[in-house]
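Colleague: Before we start, here is the structure in question, set down as structure tokens.
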Amino acid sequence: RKEVEQDPGPFNVPEGATVAFNCTYSNSASQSFFWYRQDCRKEPKLLMSVYSSGNEDGRFTAQLNRASQYISLLIRDSKLSDSATYLCVVREGIFQTGANNLFFGTGTRLTVIP
Amino acid sequence: NAGVTQTPKFQVLKTGQSMTLQCAQDMNHNSMYWYRQDPGMGLRLIYYSASEGTTDKGEVPNGYNVSRLNKREFSLRLESAAPSQTSVYFCASSGTGGTGDYEQYFGPGTRLTVT
């Protein structure tokens, strides 16, 4: 059983389209949620944290549904520069020593087509 | 402010050779982590260090050792490389506790090939 599951895609969408990714997590006690963006052959970079009430950052909207244990990311008005892999990340708490215990999904690949 | 830096960027090893991957952060973070990323597997935690002086095993520690040299630096050593260790290795750091401290920041990665 994977801790975090994502549809790997790929999602190929035209510029200007709206696209949504979903992610499910298995541990109901998970505490924090994030979306990271990873460009080809680059490191993951934090896109946004996901708050219980949902949050928006420009064209990006993240939502959390604790009852169904899923997280979503909506991208409106897609740009060519949005082409990347989007990683769903769940924090299940902290290790005894205090470091964060994160689980990463395998990522959903998005290609925005001109 | 460089964030998290890693060296080397690329490395090719022969089976049985050893090497050390270096990582440093300048964000005054307490916690540091080493991950490997393989196709279709997502990032998996190898070792982590919650603070200077402590290190602990993650999900896939076999074949690796680590050293938390000081608050800034956290190195990963492969004592006897195996082809199964061919991967991309990422170092990351984070604060501990408090809003925003749970986010991890990653270095640029090391692409390692073991032949």
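Chains as they are written, first to last, in our numbering: chain A, 340 to 453; chain B, 998 to 1112. For glycine and all other residues, C-beta sits at the position ideal for the given N, C-alpha and C.
If you draw a straight line from the C-alpha of G1055(B) to the C-alpha of I1043(B), how long is it?
Modeller: Here residue 1055(B) refers to the residue found at position 58 when the second sequence is read from its first residue. Here residue 1043(B) refers to the residue found at position 46 when the second sequence is read from its first residue. Cα to Cα, G1055(B) sits roughly 5 Å from I1043(B).
Colleague: At what residue ranges does the stretch 359 to 435 of chain A contain a whole run of the beta strand (DSSP E), taking only runs of 3 or more?
Modeller: Whole beta strand (DSSP E) segments, 3+ residues: 371 to 377, 383 to 389, 394 to 396, 399 to 404, 409 to 414, 423 to 433.
Colleague: Sort D1035(B), D1053(B), Q1014(B), V1085(B) by Cα distance to F1071(B) and report the nearest one.
Modeller: Translated into positions along the second sequence, residue 1071(B) becomes position 74. The option with the nearest alpha carbon to F1071(B) is D1053(B).
Colleague: In whole angstroms, give me the CA-to-CA distance for N1062(B) and M1016(B).
Modeller: In the second sequence, counting from the first residue as 1, residue 1062(B) sits at position 65. In the second sequence, counting from the first residue as 1, residue 1016(B) sits at position 19. Taking the straight line joining both Cα atoms gives about 11 Å.
Colleague: Going by C-alpha to C-alpha distance, which of M1024(B), Y1102(B), A1078(B), R1074(B) sits closest to A1089(B)?
Modeller: On the second sequence, residue 1089(B) is found 92 positions in, with the first residue counted as 1. Comparing Cα-Cα distances from A1089(B) to each of M1024(B), Y1102(B), A1078(B), R1074(B), the minimum goes to Y1102(B).
Colleague: For L1040(B) and F1087(B), which I take to be in contact (beta-carbon distance under 8 Å), what is that distance rounded to the nearest angstrom?
Modeller: As a first step, residue 1040(B) is located in the second sequence; it is residue number 43 there, counting from the start. As a first step, residue 1087(B) is located in the second sequence; it is residue number 90 there, counting from the start. Between F1087(B) and L1040(B) the Cβ distance is about 7 Å, and since that is below 8 Å, they are a contact.
Colleague: Tell me the rounded alpha-carbon separation between A401(A) and R448(A).
Modeller: As a first step, residue 401(A) must be located in the first sequence, where it is residue number 62. As a first step, residue 448(A) must be located in the first sequence, where it is residue number 109. Answer to the nearest angstrom: the Cα atoms are 17 Å apart.
Colleague: Apart from the five residues on each side of it in sequence, which residues of its chain come closer than 7 Å, Cβ to Cβ, to D421(A)?
Modeller: As a first step, residue 421(A) must be located in the first sequence, where it is residue number 82. Closer than 7 Å at the Cβ level, and outside the excluded window around D421(A), lie I414, L449, V451.
Colleague: Closer than 9 Å, Cβ to Cβ, to anything on chain B: give me those residues from the stretch 403 to 430 of chain A, in chain order.
Modeller: Cβ contacts with chain B: L426, V428, R430.
Colleague: With P353(A) as the anchor, note down where its beta strand (DSSP E) starts and where it stops.
Modeller: Walking along the first sequence from the start, residue 353(A) turns up at place 14. Looking at the DSSP string, the run of the beta strand (DSSP E) that includes P353(A) is 350 to 353.
Colleague: If you compare alpha carbons, which of K381(A), V389(A), K384(A) is closest to F372(A)?
Modeller: Position 33 of the first sequence, counted from the first residue, corresponds to residue 372(A). F372(A) has its Cα closest to that of V389(A), out of K381(A), V389(A), K384(A).
Colleague: Buried or exposed for G393(A), going by 16 or more other Cβ atoms inside 10 Å?
Modeller: Counting from one through the first sequence, the residue named residue 393(A) turns up at place 54. Classification for G393(A): exposed.
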